[in-house]
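As structure tokens, the structure follows; a few thoughts come after it.
Residue numbers (the working numbering): -18 to 204.
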């Protein structure tokens, strides 16, 4: 009986060991992230830039609501140290009402995975074969948001994530992501923003941010 138990333990240990991802091999990464998102708009700064349009002051910040958000990620991991990735994020509010609003961000980001460097420099051999990973990321792209009023233009993005892999290819974890608005186009009529006279160009687009946190599902396709 003891011999059988030891044999089963060794077999399970081997299976767990075999299921650990080889982060140093790199590979394609696809991910889905979901969780609540909150707006942190700088109302006073935006109102100052709209001082020549007093009827517009407070209208954008007064109609923008927090809500759920989702992000799709697709990237390539380079030898476990860095991931080059494209992301699409969407959020919305009052989606089934005539006055619905929302936002979307498309960004390119670069992840740094510090645990891979720790593995190479300091970790003993047994610890290098790990089932967990974490990264810090930074990037930029395009964003658009609004309801009746709106904004679009450049956005900056940064954050962190961590996950545990159940097998070589599937990871579950947590993330936090901040999207900083550097948007310089303010729309008086969001749905007719291409019509002349509906756009106010802001001198300084840094009028707030959108912060997300939640669950992360990652699929890793290594060679």
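We put the beta carbon where it would ideally sit given N, CA and C, even for glycine.
- Here residue 5 carries a helix assignment [DSSP, helix/strand/coil].
- According to the DSSP assignment, residue 68 belongs to no alpha helix (DSSP H) but to the beta strand (DSSP E) extending over 63 to 74.
- Under a 10 Å Cβ-count criterion, residue 4 is classified as buried, with 16 or more other Cβ atoms of the shown protein chains found around its own Cβ.
- Under the DSSP assignment, residue 49 falls in the beta strand (DSSP E) whose first and last residues are 48 to 59.
- Between the segment 21 to 30 and the segment 117 to 126, the count of Cβ pairs shorter than 8 Å is below three; the stretches do not touch.
- Per DSSP, residue 36 is not a residue of any beta strand (DSSP E), being assigned neither H nor E.
- When secondary structure is reduced to three states using DSSP, residue 100 falls in the helix class.
- Beyond the five residues adjoining it in sequence on each side, residue 194 comes within less than 6 Å, by CB distance, of 16 and 157 in the same chain, given in chain order.
- Annotated three-state conformation of residue 44 is helix, per DSSP.
- For the pair residue 57 and residue 90, the CB atoms are not nearer than the 8 Å cut-off.
- Straight across, the Cα-Cα distance linking residue 159 with residue 170 is about 27 Å.
- Pairing residue 144 with residue 113 gives a Cβ-Cβ distance under 8 Å.
- Among the bridge pairs identified by DSSP, residue 197 is matched with 14 and 154.
- Between residue 186 and residue 163 a beta carbon distance of about 4 Å is seen, short of the 8 Å cut, so the two are scored as contacting.
- Residue 138 sits in a strand when the DSSP states are folded into three classes.
- Taking C-alpha positions only, residue 80 is separated from residue 18 by approximately 19 Å.
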